[in-house]
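Q: Encoded as C-alpha cells, here's the structure I'll be asking about.
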Amino acid sequence: MMSIHTILQAWDRFWFSEVSPLSVAVYRILLGFIAGAFVLLLIPDLFVWFGSRGMCSNQAVADWNNGHAVFLNLFSFFPDNDQFVVVFHCLFFFAAMALMLGFHARAAATICYLCLTSYYHRNPFIFNAGDTYMRVSMFWLIFSASGNALALTGRQQRSNTASNPENSFNNYKKVSIWPLRLLQIQLATVYWHTFFCKIVGGPWIDGSAVFTASRIEDLQRLPLPYVFEHAWTVNFLTWSTLGIEGALFTLIWIKEFRYWVIAIAVIFHLTIEYHMNIPLFEWLMIVSYVLFIEPEHLAFALTWLRKKLTRQKAVSL
Amino acid sequence: MANKQLKPVRKQSILNELLSHEEWARIRKPIISAFLILHCTLNYCYLFNNHPYINNVNHFFFGYYAFMGLEQAWNVFSPGPRATNPHLTAVITYQDGSSKLWTYPRMERLDFFTKIPKERYRKFFDDNAAWNIPVVWPDIAHYVARTNYSDKDNPPILVSLIRFSSTILPMEEGMDKPNLPQSESKVLGVYPIAAQDLAGVKQK
Numbered sequence: 000m001m002s003i004h005t006i007l008q009a010w011d012r013f014w015f016s017e018v019s020p021l022s023v024a025v026y027r028i029l030l031g032f033i034a035g036a037f038v039l040l041l042i043p044d045l046f047v048w049f050g051s052r053g054m055c056s057n058q059a060v061a062d063w064n065n066g067h068a069v070f071l072n073l074f075s076f077f078p079d080n081d082q083f084v085v086v087f088h089c090l091f092f093f094a095a096m097a098l099m100l101g102f103h104a105r106a107a108a109t110i111c112y113l114c115l116t117s118y119y120h121r122n123p124f125i126f127n128a129g130d131t132y133m134r135v136s137m138f139w140l141i142f143s144a145s146g147n148a149l150a151l152t153g154r155q156q157r158s159n160t161a162s163n164p165e166n167s168f169n170n171y172k173k174v175s176i177w178p179l180r181l182l183q184i185q186l187a188t189v190y191w192h193t194f195f196c197k198i199v200g201g202p203w204i205d206g207s208a209v210f211t212a213s214r215i216e217d218l219q220r221l222p223l224p225y226v227f228e229h230a231w232t233v234n235f236l237t238w239s240t241l242g243i244e245g246a247l248f249t250l251i252w253i254k255e256f257r258y259w260v261i262a263i264a265v266i267f268h269l270t271i272e273y274h275m276n277i278p279l280f281e282w283l284m285i286v287s288y289v290l291f292i293e294p295e296h297l298a299f300a301l302t303w304l305r306k307k308l309t310r311q312k313a314v315s316l
Numbered sequence: 000m001a002n003k004q005l006k007p008v009r010k011q012s013i014l015n016e017l018l019s020h021e022e023w024a025r026i027r028k029p030i031i032s033a034f035l036i037l038h039c040t041l042n043y044c045y046l047f048n049n050h051p052y053i054n055n056v057n058h059f060f061f062g063y064y065a066f067m068g069l070e071q072a073w074n075v076f077s078p079g080p081r082a083t084n085p086h087l088t089a090v091i092t093y094q095d096g097s098s099k100l101w102t103y104p105r106m107e108r109l110d111f112f113t114k115i116p117k118e119r120y121r122k123f124f125d126d127n128a129a130w131n132i133p134v135v136w137p138d139i140a141h142y143v144a145r146t147n148y149s150d151k152d153n154p155p156i157l158v159s160l161i162r163f164s165s166t167i168l169p170m171e172e173g174m175d176k177p178n179l180p181q182s183e184s185k186v187l188g189v190y191p192i193a194a195q196d197l198a199g200v201k202q203k
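Protein sequence lines, in the order shown, are assigned to chains A and B. Each residue of the first sequence is one higher than the one before, counting from 0 in numbering that gives the first Met the number 0. Each residue of the second sequence is one higher than the one before, counting from 0 in numbering that gives the first Met the number 0.
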C-alpha cells in the first residue's frame, strides 16, 4: 500500500530536487544557435510571409481565427508596418545570440519566445512541427536557470569557491530541477503523441508508411539508395520508427537504457535529415537529447573538449 | 587603496518587495505545483482530446492556451503520411488578353542549398494553402498580380489559382514505378484584380 505521504515525497523528489544547471545551459546555447539560424533562414522571404503586401494579410489570419480570439502578437501594435518587421527581426536575432551567449539569458529567452509566438500568430500557415517545438520549449526555458552556467552574465555561483579548473564544469551551484523536468516532459510528449497518432492503424501498422513518405516529392533532399525499393527494408524502417518513438518517451527515463536510446534516436534523425528537407526540425530534436544527459557526463565531455582545444591552441602557437 | 569589504548585494525584484523570503519559501512549492499541474493537464487534454469532459476542459482554457501560443500537435505523418503530391499555379490574365503562368519555388525543382530557406513555400502551399485555407487565396492572387505587374499600360486584371496534384500509389502497386504526373487539377478560385490592389507597385 502506498500512503499519500509517499506520493508527495515522490512528487517532491521528481519536481523539486536540485541539479546542476549545466544540462539546461548547454541546451540554451544550442537552442539559441538554432533560433539564430531560424531568423537567418527567414530573411530572404521576410516580406513575402510577414510584409504588408505579402501572401498572408492580417485580415486573412483574423478570418481564419473567426475574428474572435486574442493572441499574443507584437505585430498587432504596428499592423502592416514593414519597417517594424525589420526591427522586430533584428531584435529576434540579437535575442537569439544573447540566449546562445548567456547574456541575460532569461530576458533573452523571453524575447525569443515573444518573437516566435508573434510570428506564429501573424502567419501560422508557414510553420512546421519543429517551429512549434521551438516555441513551446522557449516558453519553458524562460523558467529555467539556464543562465547560471556557461553564460556571460548571470549568477554563476560555484559550490566550491577554491575550484579546481579540472572540475570547473562540475561545481555549479545546484538549482531546482522542475524547469528541466518540464523541458524533458515536453520532448517525451512529442514522441508520446506522435506514437499514439501512428499506432491507431493504417500504414504504420501494415508497414508501408515510410514508402509513402519517401514518395512525397517536395520533401526529398538526397536519395537513399536501396532502402525504398524493397518491401522488407520499408517494413523494417516503418516499424523501427514506431519502436524508436516508443522508446523516446518510455525507455529514455531509465538510466540503463537512456544513452542507447539517444544514440539510436540521433542516427534516426540524421537519416531523416539526410533524406528529407525539413530544415532545423531534426537538429532541434537532436539537441534536445542533451536535456537527458547527466550533468557530470556533460561536464566530463566539456572538460575533454576544452583540453583538446587548449592543446590545439598551444600547438598552433 | 584599502580593500573594501563588499557586502553581497541581493537582487531586488518584485517578488522581494511583495513577500519575505520565508513567505515565499512557504508558498513556492504549492504555486509551482499548481503551474505544473495546470500546464501538464492542458497539454494532455489538447493532445488527447477524445472525450466530452476533456473537450470541456479545452473549451474553458483555450483562450489562455491559444493566446500564449502553447497549442501543439505532433501528428506528423499520422495516421499516415500525405499520399498526394500537389502544387499550386496561378494564371495571370492581363488587360490586353495575354496570360502568364506563375508558380512558387517548388522544392523538387530547387538545388540542395536553395531549398533550405525556401522550405516555407512547401509548408504554405503544399501542406496548407493548396488544400484547406481559402482565406489566403485572395491574398495569394493579389501578391501574384503585384509581382507580375511590369507594364503600367497592361495591368493584370484576373488571377486564377489552380491546384495540380497526383496520388501516391500504395506500396504494393508503386514499388518499382515512378510517381504519377501531377495532372489532376482543380480551380481554387478566380480573382479579379482592381486598380487599388496594384497601387504602389513600381514597374520594372
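Backbone N, C-alpha and C fix where the C-beta goes; we use that ideal spot for every residue, glycine too.
Using the beta-carbon of each residue, which ones in chain B are nearer than 7 Å to M275 (chain A)?
A: Residues of chain B passing the Cβ test: none, with the nearest at roughly 10 Å.
Q: In angstroms, rounded to a whole number, what distance separates the CA positions of F87 (chain A) and E22 (chain B)?
A: In a straight line, the C-alpha of F87 (chain A) is about 39 Å away from that of E22 (chain B).
Q: Please report the straight-line C-alpha distance between T232 (chain A) and V226 (chain A), rounded to a whole angstrom.
A: Whole-angstrom Cα-Cα distance: 5 Å.
Q: Nearest-angstrom Cα distance between P222 (chain A) and I285 (chain A)?
A: Each residue's Cα considered, the two are about 22 Å apart.
Q: Spell out whether any CB of chain A is found under 8 Å from the CB atom of I167 (chain B).
A: It does: the Cβ of I167 (chain B) has a partner Cβ on chain A nearer than 8 Å.
Q: Would you mind listing the alpha helix (DSSP H) stretches within the region 123 to 188 of chain B that are 4+ residues and don't spill past its ends, in chain order?
A: Taking only runs of at least 4 residues, the alpha helix (DSSP H) segments lying wholly in the region 123 to 188 of chain B are 136 to 146 and 170 to 173.
Q: Between Q219 (chain A) and chain B, is the shortest Cβ-Cβ distance under 8 Å, so that the two count as touching?
A: So, interface residue.
Q: If you draw a straight line from the C-alpha of T193 (chain A) to the C-alpha of L100 (chain A), how long is it?
A: One C-alpha to the other measures close to 33 Å.
Q: In three-state DSSP terms, what is N57 (chain B)?
A: Helix, per DSSP.
Q: Look up Y190 (chain B) in the DSSP assignment and give the residues it is bridged to.
A: Paired residues: B:V158.
Q: For Y93 (chain B), which residues does DSSP report across the bridge?
A: B:P155, per the DSSP bridge assignment.
Q: Looking at E293 (chain A): is its Cβ nearer than 8 Å to the Cβ of V174 (chain A)?
A: The answer is no: Cβ separation not under 8 Å.
Q: Quick one: residues in its chain with C-beta nearer than 6 Å to the C-beta of L250 (chain A), no 5 flanking neighbours on either side, listed in chain order?
A: F256 and V260, listed in sequence order.
Q: Which two residues bound the contiguous beta strand (DSSP E) that contains L100 (chain B)?
A: Where L100 (chain B) is concerned, the enclosing beta strand (DSSP E) stretches over S98 to T102.
Q: Can you list, in chain order, the residues of its chain with a C-beta nearer than 7 Å to that of F92 (chain A)? Leave out the 5 residues immediately preceding and following it.
A: Closer than 7 Å at Cβ, skipping near neighbours: G35 and V38.
Q: Judging by CA-CA distance, which residue of B:K117, B:A129, B:G173 and B:W130 is the nearest neighbour of I42 (chain A)?
A: Among B:K117, B:A129, B:G173 and B:W130, the Cα nearest to that of I42 (chain A) is on B:K117.
Q: Work out the CA separation of P155 (chain B) and A144 (chain B) for me, nearest whole Å.
A: Looking at the two C-alpha atoms, the distance is approximately 6 Å.
Q: Cutting at 6 Å between CB atoms, please list the residues of its own chain near Y190 (chain B), excluding the five before and the five after it.
A: So the list reads P137, A140 and V158, once near-sequence residues are dropped.
Q: Measuring alpha carbon to alpha carbon, tell me which residue in A:I3, A:L29, A:V23 and A:K254 is nearest F142 (chain A).
A: Ranking the options by Cα distance to F142 (chain A), first place goes to A:V23.
Q: Are C324 (chain A) and S77 (chain B) touching if we call contact CB-CB under 8 Å?
A: In the structure as shown, chain A starts at 0 and stops at 316, and residue 324 (chain A) therefore has no counterpart that could be examined.
Q: So, is M137 (chain A) buried or exposed, given that buried needs 16 or more other C-beta atoms within 10 angstroms?
A: Classification of M137 (chain A): buried, given that the 10 Å Cβ count is 16 or more.
Q: Please report the residue range of the alpha helix (DSSP H) in which N57 (chain A) lies.
A: Unbroken alpha helix (DSSP H) run through N57 (chain A): N57 to W63.
Q: Can you have a look at W303 (chain A) and say buried or exposed, based on whether 16 or more other CB atoms are within 10 angstroms of its CB?
A: Exposed, because fewer than 16 other Cβ atoms sit within 10 Å of the Cβ of W303 (chain A).
Q: Does any residue of chain B have a CB that is nearer than 8 Å to the CB of A161 (chain A)?
A: For A161 (chain A), the pLDDT reaches just 48, beneath the cut-off of 50, and the residue's location in the model is therefore unreliable, leaving the point undetermined.
Q: Per DSSP, V18 (chain A) forms a beta bridge with which residues?
A: A:V174, per the DSSP bridge assignment.
Q: At the 8 Å Cβ level, is D152 (chain B) part of the contact set with chain A, yes or no?
A: Not an interface residue.
Q: What residues from chain B crowd round S207 (chain A), counting only those whose CB sits closer than 9 Å?
A: Chain B residues near S207 (chain A): G79, P169, M170 and E171.
Q: Flag this pair as yes or no: are the beta carbons of T188 (chain A) and V209 (chain A) separated by less than 8 Å?
A: Cβ atoms of T188 (chain A) and V209 (chain A): not closer than 8 Å.
Q: Mind checking whether Y63 (chain B) and Y45 (chain B) have CB atoms under 8 Å apart?
A: Cβ distance not < 8 Å, so Y63 (chain B) and Y45 (chain B) don't count as in contact.
Q: When DSSP labels each residue in this structure, what does Q195 (chain B) get in the three-state scheme?
A: The answer is helix: DSSP assigns Q195 (chain B) an H, G or I state.
Q: How many whole angstroms separate the CB atoms of F123 (chain B) and F70 (chain A), which I take to be in contact at a CB cut-off of 8 Å?
A: In fact, because the Cβ distance is near 19 Å, the residues do not count as touching under 8 Å.
Q: How big is the Cα-Cα spacing for L160 (chain B) and T88 (chain B)?
A: Distance between the alpha carbons of L160 (chain B) and T88 (chain B) is about 6 Å.
Q: Apart from the five residues on each side of it in sequence, which residues of its chain come closer than 7 Å, Cβ to Cβ, to P278 (chain A)?
A: So the list reads L40, once near-sequence residues are dropped.
Q: Taking Cβ positions, are L35 (chain B) and W14 (chain A) nearer each other than 8 Å?
A: Yes, the Cβ-Cβ distance between L35 (chain B) and W14 (chain A) is below 8 Å.
Q: Please list the partners that V135 (chain A) has in chain B, where partner means a Cβ-to-Cβ separation under 7 Å.
A: Chain B residues near V135 (chain A): L69 and Q71.
Q: Does DSSP classify Q219 (chain A) as helix, strand or coil?
A: Of the three classes helix, strand and coil, the one that applies to Q219 (chain A) here is strand, per DSSP.
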